[in-house]
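Enquirer: Take this structure, written in structure tokens, and hold onto it; I'll ask about it next.
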Amino acid sequence: MTDTTSNQMWGGRFAAGPDAIMEAINASIGFDRRMAAQDIAGSRAHAAMLAATGIVSDSDAEAMREGLFTVLSEIEAGEFRFSTALEDIHMNVEARLKEIIGAPAGRLHTGRSRNDQVATDFRLWVRDQLDAAEQALRALMRALVAQAEAGAEWVMPGFTHLQTAQPVTWGHHMMAYVEMFGRDLSRVRDARARMNECPLGAAALAGTSFPIDREMTARELGFDAPCANSLDAVSDRDFALEFLSVAGICAMHLSRFAEELVIWSSAQFRFVALSDRFSTGSSIMPQKKNPDAAELIRAKVGRIFGANVALMMVMKGLPLAYSKDMQEDKEQVFDAADNLMLALAAMEGMVRDMVAQKANLEAAAGAGFSTATDLADWLVRVLDMPFREAHHVTGALVARAEARGCDLPDLSLAEMQAVHGEIDASVYDVLGVHNSVASRMSYGGTAPAQVRMQAARWKERLG
Ligand code: ARG
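Those letters in the sequence shown? Residues 1 to 463, by the UniProt record's numbering.
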């Protein structure tokens, strides 16, 4: 006789139920309930296929499909009672189906296993996240393009080593992030295309002796094809790792931009004003407006990258095929996905609301001898000087301005000619920051005309 406390799904060879600690370490229902919709979609497709292939009767399949629909509505309405004793979402759903439709529920698991079931559910879940990430990235990119178009010709300092390097345009800086998020978007699409094969029907690990139609279930669930090897189908989680890796790179880009916003919104820079909607105050310092959203976005890359490392470690030594270790995949991916979506949405909101401080940007753009390279280029172009010599002469002029405590355009022609006799008044044309950026017309350069061209190109692509 089977002990009544043993598992109703697989209790046949068990005389006793699990220890409470065993139940606690074993159960995944606390988190995999998030895959309920995917689990039910997979089961509905499986039931339809079982009928189409004559493995179960049409009436049994219809009862299963209807019953599964009822289970889904109960879950969505928050009326479903999840049971830890039933371990996971797969067994919770099936047990409830049995309560609703009775005996036919027992035929649903024909020709499949929880191993292909969980692999299918999780792929569907990750695929939904990739689709959501695509939408969120597009929204963020549209917000950046709008900022770029508004400020295509506003000048600001461009930095290397966070030291003033050359003037650039606000629009150019915004479009740099559009390029980065554009590559994230293409990584999202690549990952989606690569993962879109269906594990369902791989069964426990070896396939099944039932005449199932894997093409049908794959098609029904929006996959491009069934996975071609049953061992691989149930036991790899590279699609989840790829999602985490794509998410990690995207979070890194978000973090760099967030860092710039933190710097730019400081009282020392005052390059941007962030909106109240994405800032907080201090409980003690009344003047404070803190860029908390940017700081939190900056931090998200830590946990997202951490999830990638954690899952990589879970997977690295596992022999084929399924091992329970793989149950540890979900929480990492859920947490990373939640935080990526939150970070993308918060960044989009901040970008939409932020106001570039045009006058401050312009004042900073001319400071720090930012047009020294333009001066050296002028010496090469107009006086036909070798660049190395021009670099040296410009260095001497910078030293002079520094000694006088002024900027390059403030040096008189006589002072310039004292350094090099052939310099004439036309040199002043290249010392202004607006002329400087306008001259950088090389493809991909910072000139407003280039920025407008790139912004228009992206606008068309983003729709
Ligand atoms: N909850 C399990 C998981 O997430 C489902 C698969 C269980 N398979 C098994 N053979 N015990 O991985």
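Just so it is clear, CB atoms sit at the ideal spot from N, CA and C, and this is done for glycine as well.
Ligand 1 and Ser28: does any heavy atom of the ligand fall closer than 7 Å to the residue's C-beta?
Expert: Here residue 28 refers to the residue found at position 28 of the sequence shown. Because some heavy atom of ligand 1 lies under 7 Å away, the Cβ of Ser28 counts as near it: yes.
Enquirer: Helix, strand or coil for Cys198, going by three-state DSSP, please let me know.
Expert: Here residue 198 corresponds to residue number 198 of the sequence shown, with the count starting at 1. Look at Cys198 here: in three-state DSSP terms it is strand.
Enquirer: Is it the case that the CB of Tyr443 approaches a heavy atom of ligand 1 more closely than 7 Å?
Expert: In the sequence shown, the residue the question calls residue 443 occupies position 443. Checking the Cβ of Tyr443 against ligand 1 gives no.
Enquirer: If we count Cβ pairs, one from each stretch, closer than 8 Å, do we get three or more for the stretch 136–150 versus the stretch 166–176?
Expert: Yes, since at least three Cβ pairs between the stretch 136–150 and the stretch 166–176 fall closer than 8 Å, the two stretches touch.
Enquirer: Between Ser235 and Leu320, is the Cβ-Cβ spacing less than 8 Å?
Expert: Here residue 235 is taken as the residue at index 235 of the sequence shown, counted from 1. Here residue 320 is taken as the residue at index 320 of the sequence shown, counted from 1. In this structure, Leu320 lies closer than 8 Å to Ser235 by Cβ.
Enquirer: Quick check: what's the CA-CA separation for Met1 versus Met9?
Expert: To locate residue 1, count along the sequence shown from 1; it is residue 1. To locate residue 9, count along the sequence shown from 1; it is residue 9. With a pLDDT of only 39 at Met1, under the threshold of 50, the placement of this residue in the model should not be trusted; the figure read from the coordinates follows. Their Cα atoms are separated by approximately 16 Å.
Enquirer: Determine the direct distance from the alpha carbon of Glu348 to that of Asn229, and round the result to whole angstroms.
Expert: To locate residue 229, count along the sequence shown from 1; it is residue 229. To locate residue 348, count along the sequence shown from 1; it is residue 348. One C-alpha to the other measures close to 41 Å.
Enquirer: Heavy atom of ligand 1 less than 7 Å from the Cβ of Glu87, yes or no?
Expert: As a position in the sequence shown, residue 87 is number 87, starting the count at 1. The answer is yes for Glu87.
Enquirer: Excluding sequence positions up to five away, which residues of its chain have a Cβ less than 7 Å from the Cβ of Thr4?
Expert: Numbered from 1 along the sequence shown, position 4 holds the residue referred to as residue 4. Interpretation of Thr4 is limited by its pLDDT of 48, a score under 50 that renders its predicted location unreliable; the figure taken from the coordinates is listed afterwards. Here the set comprises nothing.
Enquirer: So who's on the other strand from Ala225, going by DSSP bridges?
Expert: The sequence position of residue 225 within the sequence shown is 225, counting from 1. DSSP lists Glu197 as partners of Ala225.
Enquirer: May I ask you to report which of helix, strand or coil DSSP gives Ala165?
Expert: Stepping through the sequence shown from its first residue, residue 165 is reached at position 165. Of the three classes helix, strand and coil, the one that applies to Ala165 here is strand, per DSSP.
Enquirer: In the DSSP assignment, what residue or residues form a beta bridge with Asn290?
Expert: Here residue 290 is taken as the residue at index 290 of the sequence shown, counted from 1. Within the DSSP secondary-structure output, Asn290 pairs in a beta bridge with Thr280.
Enquirer: Nearest-angstrom Cα distance between Met326 and Asn26?
Expert: For the purposes of this step, residue 326 is taken as residue 326 along the sequence shown, with counting starting at 1. For the purposes of this step, residue 26 is taken as residue 26 along the sequence shown, with counting starting at 1. Within the model, the alpha-carbon separation for Met326 versus Asn26 is close to 12 Å.
Enquirer: Measuring alpha carbon to alpha carbon, tell me which of Gly42, Ala85, Arg142, Val188 ends up nearest Met175.
Expert: Indexing the sequence shown from 1 puts residue 175 at position 175. Measuring from the Cα of Met175, the nearest candidate turns out to be Arg142.
Enquirer: Using a Cβ-Cβ cutoff of less than 7 Å, which residues in the same chain neighbour Pro409 once the five nearest sequence positions on both sides are dropped?
Expert: Along the sequence shown, read from residue 1 onward, the residue named residue 409 stands at position 409. Closer than 7 Å at Cβ, skipping near neighbours: Tyr428, Leu431, Gly432.
Enquirer: Evaluate Ala267 with the Cβ neighbour count: other Cβ atoms within 10 Å of its Cβ, from every protein chain shown; 16 or more gives buried, anything less gives exposed.
Expert: Position 267 of the sequence shown, counted from the start, is the residue given in the question as residue 267. Label assigned to Ala267: exposed.
Enquirer: For Lys300, count neighbouring C-beta atoms within 10 Å of its own C-beta (all shown protein chains included) and say buried if the count is 16 or more, exposed if not.
Expert: Counting from 1 along the sequence shown, the entry for residue 300 is found at position 300. With 16 or more other Cβ atoms within 10 Å, it is buried.
Enquirer: Using only alpha-carbon positions, find the residue among Gln450, Glu362, Arg461, Ala396 that is nearest to Gln166.
Expert: Within the sequence shown, numbered from 1, the residue matching residue 166 stands at position 166. With distances taken between Cα atoms, Gln166 lies closest to Glu362.
Enquirer: Would you mind sorting Leu340 into buried or exposed? The rule is 16 or more other CB atoms within 10 Å of its CB.
Expert: As a working mapping, residue 340 is identified with position 340 in the sequence shown. Buried.
Enquirer: Quick check on DSSP: helix, strand or coil for Thr371?
Expert: Residue numbering aside, residue 371 sits at position 371 when the sequence shown is read from its first letter. Three-state DSSP puts Thr371 in coil, outside helix and strand.
Enquirer: Name the two residues that bound the continuous alpha helix (DSSP H) containing Phe31.
Expert: Counted from its first residue, the sequence shown places residue 31 at position 31. Taken as a continuous stretch (DSSP letters only), the alpha helix (DSSP H) holding Phe31 covers 29–32.
Enquirer: Determine the contact status of Val355 and Ala247, defining contact as a CB-CB distance below 8 Å.
Expert: Taking the first residue of the sequence shown as position 1, residue 355 is located at position 355. Taking the first residue of the sequence shown as position 1, residue 247 is located at position 247. Going by C-beta atoms, Val355 is not nearer than 8 Å to Ala247.
Enquirer: Using alpha carbons as the reference points, say which of Val380, Leu397, Tyr443, Thr371 lies closest to Phe159.
Expert: Translated into positions along the sequence shown, residue 159 becomes position 159. The residue with the shortest Cα to Cα distance from Phe159 is Thr371.
Enquirer: According to the neighbour-count rule (16 or more other Cβ atoms, all chains shown, within 10 Å of its Cβ), is Met441 buried or exposed?
Expert: Residue numbering aside, residue 441 sits at position 441 when the sequence shown is read from its first letter. So Met441 ends up on the exposed side.
Enquirer: Buried or exposed for Lys324, please, with buried defined as at least 16 other CB atoms from any protein chain shown within 10 angstroms of its CB.
Expert: To locate residue 324, count along the sequence shown from 1; it is residue 324. With fewer than 16 Cβ atoms within 10 Å of its Cβ, Lys324 is classed as exposed.
Enquirer: What I want to know is whether the C-beta of Arg114 ends up closer than 7 Å to one or more non-hydrogen atoms of ligand 1.
Expert: The count along the sequence shown starts at 1 and reaches residue 114 at position 114. Indeed, a heavy atom of ligand 1 lies less than 7 Å from the Cβ.
Enquirer: Note down, in chain order, each residue of its chain lying with its Cβ closer than 8 Å to the Cβ of Ser6, except the 5 sequence neighbours on either side.
Expert: In the sequence shown, counting from the first residue as 1, residue 6 sits at position 6. Here the set comprises Phe14, Ala15, Ala16, Gly17.
Enquirer: For the 8 Å Cβ check, are there 3 or more pairs between the stretch 35–46 and the stretch 79–96?
Expert: Three or more beta-carbon pairs separated by less than 8 Å link the stretch 35–46 to the stretch 79–96, which places the two stretches in contact.
Enquirer: Is it the case that the Cβ atoms of Leu221 and Ala45 are separated by a distance below 8 Å?
Expert: As a working note, residue 221 is residue 221 in the sequence shown. As a working note, residue 45 is residue 45 in the sequence shown. Against a cut-off of 8 Å, the Cβ pair of Ala45 and Leu221 comes out as a contact.
Enquirer: Please confirm whether any heavy atom of ligand 1 lies closer than 7 Å to the CB of Met326.
Expert: Reading the sequence shown from its first residue, position 326 is the one you call residue 326. At least one heavy atom of ligand 1 is nearer than 7 Å to the Cβ of Met326, so yes.
Enquirer: Under 8 Å between the Cβ atoms of Ala48 and Ala61?
Expert: On the sequence shown, position 48 is the one that residue 48 refers to. On the sequence shown, position 61 is the one that residue 61 refers to. Cβ atoms of Ala48 and Ala61: closer than 8 Å.
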